[in-house]
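For reference, the structure discussed in these notes is given below.
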Ligand code: GLV
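Right, here's the structure in full:
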C-alpha cells in the first residue's frame, strides 16, 4: 500500500477518504519536522503539506519516492518549486475554494481598522468607556472610500465585488490589465503604477503571492508614499510588508491604521505592532471558516489520490 503523510489534523472527511483509497496514512501535528515523517520518509509517495511546512531540496532528498506535495493553501511560498520540478515532484495548491472566505476576512479587517472596532472592544472591556460624546473614538469612513487592490486575481476580484456594495471606488494594480468588460463589470479601474495607487487610495489591500519580487514590496519608502490617514490590509503573506517600517508608519504617519492576518515570522508578531492600538491583528485565519477549510482539505486529498492513481491532479502548480 502506498504511504501518504499528512502534516496535522484536517477538518472534514479528507483523512477517511485517503485511508479508503486505500493508502497507509501517517499523520503528525509536527509536520515534516516530526520523527513520524522521518520514520516514513523513505517510502512516502504523497505529502499533504501545510503552509507551516518548509519543503526544500534537503527534504525532498530524504523522500526519494515522493510523487506529490499537496499544499493545503493557495500560497506555495513554503515550497521550493524548482527543487520539486527537478525531482519530478508535482505540487498542488487549493485555489478557488478559499476565495470568498479570504475576501470576507480582508473586508472585515478593513472595516475593523477604519472604524476601530477591536480597539473599542479593548477599551470597553478595560472599563475605559465613559459616555457618548461627538468626538469620542472617531475613525475613517468605510462607505465611498477609494480602495486600492494590489493584485487582482481571484481574491482581489472578490474584494472588488464586496466594495461595490459599500459604494467604494476601486483601483487595482498588477502586471497585466484585465479586459475592459471585466473592469466594467467589477467597477474597477486599472492603475499601472503601484506608487500612484498608494498615493491616491484611502485603503490598500494586498492580494498577491509572496515571491522574491514581492518581498518587502511595502518597505519604508513605499509606506511613506501612502496617503496620509490611509489604511493597509494584508491577508496575503507577512513578508510582503516590512513590519518594522509599518510600525513606524502607524506611529508617525502616514498610516492611520492597519489590519493584518499574516506576519513576517508567524506566530511571532513584531513587538512594535503589538504595541500599536491602531493595528488590528488576526492569527492567520483568512480561510478559516469551517466549510472552506473542509473544502481545502478535500481538494488536497483528491489531488493526492488522483496523482497516485495515475490521473492528473485537479489543481497543479505549473513550474515557472
Ligand atoms: C493561506 O494563507 C493560503 O495561502 O491558503
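Residue numbers (this note's numbering): 36 to 355.
For every residue, glycine included, the Cβ atom is placed at its ideal position computed from N, Cα and C.
For residue j and residue i, the rounded distance between their alpha carbons
| i | j | result |
| --- | --- | --- |
| residue 310 | residue 228 | 32 Å |
| residue 36 | residue 81 | 12 Å |
| residue 233 | residue 262 | 7 Å |
| residue 94 | residue 231 | 42 Å |
| residue 318 | residue 143 | 14 Å |
| residue 60 | residue 86 | 19 Å |
| residue 247 | residue 74 | 33 Å |
| residue 218 | residue 224 | 6 Å |
| residue 158 | residue 169 | 17 Å |
| residue 352 | residue 163 | 51 Å |
| residue 264 | residue 174 | 10 Å |
| residue 136 | residue 321 | 6 Å |
| residue 134 | residue 108 | 11 Å |
| residue 330 | residue 132 | 6 Å |
| residue 100 | residue 39 | 11 Å |
| residue 126 | residue 106 | 7 Å |
| residue 176 | residue 149 | 7 Å |
Pick from the options that is closest to residue i, judged by C-alpha positions
| i | options | result |
| --- | --- | --- |
| residue 295 | 199, 287 and 282 | 282 |
| residue 181 | 238, 221 and 329 | 238 |
| residue 78 | 251, 103 and 197 | 103 |
| residue 324 | 115, 130, 89 and 139 | 139 |
| residue 293 | 279, 302, 316 and 299 | 316 |
| residue 115 | 298, 332, 346 and 245 | 245 |
| residue 287 | 273, 46, 258 and 270 | 258 |
| residue 204 | 221, 211 and 188 | 221 |
| residue 214 | 199, 235 and 187 | 187 |
| residue 129 | 42, 154 and 338 | 338 |
| residue 260 | 290, 251 and 305 | 290 |
| residue 76 | 341, 42, 201 and 349 | 42 |
| residue 243 | 211, 350, 336 and 256 | 211 |
| residue 342 | 63, 331, 123 and 117 | 123 |
| residue 255 | 121, 270, 240 and 277 | 277 |
| residue 267 | 303, 68, 145 and 63 | 145 |
| residue 226 | 335, 154, 274 and 185 | 185 |
| residue 151 | 350, 72 and 314 | 314 |
Beta-ladder partner(s) of residue i, from DSSP
| i | result |
| --- | --- |
| residue 265 | 290 |
| residue 351 | 127 |
| residue 184 | 207 and 240 |
| residue 38 | 59 and 79 |
| residue 300 | 303 |
| residue 295 | 269 and 316 |
Three-state secondary structure assigned by DSSP to residue i
| i | result |
| --- | --- |
| residue 146 | helix |
| residue 127 | strand |
| residue 80 | strand |
| residue 240 | strand |
| residue 321 | coil |
| residue 58 | coil |
| residue 316 | strand |
| residue 283 | helix |
| residue 338 | helix |
| residue 224 | strand |
| residue 104 | strand |
| residue 171 | coil |
Whole-Å CB distance - residue i paired with residue j, under 8 Å assumed
| i | j | result |
| --- | --- | --- |
| residue 333 | residue 47 | 6 Å |
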